[in-house]
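Here's the structure, in C-alpha cells; my notes come after.
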Ligand SMILES: Nc1ncnc2c1ncn2[C@@H]1O[C@H](COP(=O)(O)OP(=O)(O)O)[C@@H](O)[C@H]1O
Ligand SMILES: [Mg+2]
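The structure is reproduced here in C-alpha cells:
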C-alpha cells in the first residue's frame, strides 16, 4: 500500500475527533484484505489492509472463529471484549487503545483494530522502540523506574523486574484496573510517535477480580488528580440507561457491567491504585 495513503496510527487522535471518526468509518466500512497471519499469537490474528473511498490503513483482524475457547470467559466473544475495552478507553479520554470495531470480514465476524507502528515483520513493529521494561541487579529499581517484583533469570539467580515511571503507563494501569485486564504483558505495550497504546484486550471485564499485569509500580499510591477526574466522568457515563452503558451491555454481560461500575466506585472511594490481592497470580508469565 503506498505510504502516502496510509493513515498513520500515531497521528490519529492527535489530529482531533474528525480524524478518529474517519478511522472508525474506514475500519467499519472499508474493504478488508488479509495480508498475512501473525504466527506467534495464541488466537487467529490477521494483518490486513482496509480501504474506503480512497483512504487506506493497516489493521489487525481477529475473527471470532479463530478464538481459542477460555473456560473463565464463557460468555460472548473475545472480540466483543476488545471493543468494550476500546469504548472504556475512549470514555476515559486517554486514547490508550487503538480504534477498534466489530465487523464482518473474510473469515466472519471479528474485531478490527488500527495497526500501530510499522508492518508485521519482526523488528518493524513498535515494540522495543522505547524502553518501558527492564531487569536490574539488586533490590532498587533506580531513578525513573518502578519495581514490579523479583524474577528468576536462571542458574539460581534473580533480578528485579522494573517498568518505566511513565505517565502514559500510569494511565494505562488505571485503564487496566477499570477493565480488569487479566493479561497486560510487555508485548501488549506499543509505542508510536511518542504515544503509548495497549493492545490485546480479549481477557478483560470478568466479573471476578483478575487483574494480572506488569504495571504494579504505583500499587497503593494515590491516584493522580487527573485520574480521579476521568474516573468520575466514567462513573457518570456508566449510569443505567446512559449511552455508554447501553453499548457495553451489548458487548459484555449485565453482571460484568455491574462489576465494572463497582471497580470504578472502589477506585474512587479508595483514591488509590490497586494492590495485588494475593488470591491469583498478579504478574503474567512470561512477562513479555
Ligand atoms: N493493533 C495492533 N498494532 C500493531 N501490532 C499489533 C496490533 N494488534 C496485534 N499486534 C501484533 O500481533 C501480536 C499478536 O496480537 P495479540 O493481540 O497479542 O493476539 P493474541 O491474543 O493471540 O496473543 C501482538 O503481539 C503484536 O505484535
Ligand atoms: Mg497476545
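In my numbering, the protein residues as written are 1 to 288. All C-beta atoms in this analysis are idealised placements derived from N, C-alpha and C, irrespective of residue type, glycine included.
Classification of residue i by the beta-carbon crowding that lies within 10 angstroms, buried from 16 upward
{"i": "residue 92", "result": "buried"}
{"i": "residue 210", "result": "buried"}
{"i": "residue 208", "result": "exposed"}
{"i": "residue 72", "result": "exposed"}
{"i": "residue 153", "result": "exposed"}
{"i": "residue 285", "result": "exposed"}
{"i": "residue 269", "result": "exposed"}
{"i": "residue 100", "result": "buried"}
{"i": "residue 22", "result": "buried"}
{"i": "residue 131", "result": "exposed"}
{"i": "residue 243", "result": "exposed"}
{"i": "residue 141", "result": "buried"}
{"i": "residue 236", "result": "exposed"}
{"i": "residue 256", "result": "buried"}
{"i": "residue 279", "result": "exposed"}
{"i": "residue 182", "result": "buried"}
{"i": "residue 105", "result": "buried"}
{"i": "residue 110", "result": "buried"}
{"i": "residue 192", "result": "buried"}
Cβ-Cβ distance between residue i and residue j below 9 Å
{"i": "residue 85", "j": "residue 97", "result": "yes"}
{"i": "residue 287", "j": "residue 161", "result": "yes"}
{"i": "residue 260", "j": "residue 88", "result": "yes"}
{"i": "residue 117", "j": "residue 46", "result": "no"}
{"i": "residue 103", "j": "residue 33", "result": "no"}
{"i": "residue 264", "j": "residue 178", "result": "yes"}
{"i": "residue 41", "j": "residue 49", "result": "no"}
{"i": "residue 133", "j": "residue 163", "result": "yes"}
{"i": "residue 150", "j": "residue 180", "result": "no"}
{"i": "residue 252", "j": "residue 37", "result": "no"}
{"i": "residue 186", "j": "residue 200", "result": "no"}
{"i": "residue 120", "j": "residue 35", "result": "yes"}
From the options, residue whose alpha carbon lies closest to that of residue i
{"i": "residue 184", "options": "28, 202 and 192", "result": "202"}
{"i": "residue 266", "options": "112, 174, 214 and 75", "result": "174"}
{"i": "residue 250", "options": "225, 62, 75 and 159", "result": "75"}
{"i": "residue 217", "options": "145, 264, 224 and 242", "result": "145"}
{"i": "residue 227", "options": "130, 176 and 110", "result": "176"}
{"i": "residue 274", "options": "139, 221, 68 and 107", "result": "221"}
{"i": "residue 198", "options": "204, 277 and 172", "result": "172"}
{"i": "residue 276", "options": "239, 262, 258 and 212", "result": "212"}
{"i": "residue 214", "options": "283, 192, 188 and 246", "result": "283"}
{"i": "residue 143", "options": "253, 90, 165 and 232", "result": "165"}
{"i": "residue 70", "options": "19, 54, 83 and 43", "result": "43"}
{"i": "residue 108", "options": "62, 159, 219 and 119", "result": "62"}
{"i": "residue 55", "options": "233, 19 and 248", "result": "19"}
Residues sharing a beta bridge with residue i, DSSP
{"i": "residue 159", "result": "151"}
{"i": "residue 145", "result": "164"}
{"i": "residue 222", "result": "272"}
{"i": "residue 111", "result": "62 and 102"}
{"i": "residue 196", "result": "191"}
{"i": "residue 33", "result": "49"}
{"i": "residue 135", "result": "161"}
{"i": "residue 213", "result": "184"}
CB-CB length for residue i against residue j, believed under 8 Å
{"i": "residue 51", "j": "residue 31", "result": "5 Å"}
{"i": "residue 60", "j": "residue 115", "result": "6 Å"}
{"i": "residue 90", "j": "residue 77", "result": "Going by Cβ atoms, the distance from residue 90 to residue 77 rounds to 20 Å, so no, they are not a contact pair."}
{"i": "residue 238", "j": "residue 272", "result": "The Cβ separation is near 20 Å, so there is no contact."}
Beta carbon proximity, residue i to chain B, threshold 9 Å
{"i": "residue 207", "result": "As a matter of chain content, chain B is missing from the structure shown, which is built from one protein chain."}
*asked:* If you measure from each CB to the nearest heavy atom of ligand 3 and keep those under 5 Å, what residues do you get, in chain order?
replied: Of the ligands this structure carries, namely ligand 1 and ligand 2, none is ligand 3.
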